[in-house]
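Numbering (my numbering), first residue to last: 27 to 85.
Glycine included, every Cβ here is placed at the ideal spot set by N, Cα and C.
Here the structure is a predicted model, which is why all the values come from computation and not from measurement.
What follows is a short report on a single structure.
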């Protein structure tokens, strides 16, 4: 199980080159095994960033 923090989640989604190859490989393997997670505070932080114009969420 890998618990992602906010920055890693954002980088994974929009700038994967910021992550090391080892980190990307570990997250890919964890995704296949159902072992990738984020915490409730990460969701709150994403909402805060979007609300305060620090993160643009398209949708």
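Return the first residue and the last residue of the beta strand (DSSP E) that residue 28 is part of. Residue mapping note: residue 28 aligns to position 2 of the chain shown, counting from 1. It spans 28-30 - the beta strand (DSSP E) in which residue 28 sits, taken as one unbroken run.
Pop quiz: residue 92 and residue 28 are said to be a contact at Cβ under 8 Å. What is the actual Cβ separation, rounded to whole angstroms? Not covered by the structure: residue 92. The range shown for the chain is 27 to 85.
Answer with buried or exposed for residue 71, where buried requires no fewer than 16 other C-beta atoms within 10 angstroms of its C-beta. Reading the chain shown from its first residue, position 45 is the one you call residue 71. With 16 or more Cβ atoms within 10 Å of its Cβ, residue 71 is classed as buried.
Helix, strand or coil: which one does DSSP assign to residue 64? Sequence index remark: in the chain shown, residue 64 carries index 38 (1-based). Here residue 64 sits in strand by DSSP.
Under the three-state DSSP convention, the category residue 75 falls into: To locate residue 75, count along the chain shown from 1; it is residue 49. Helix.
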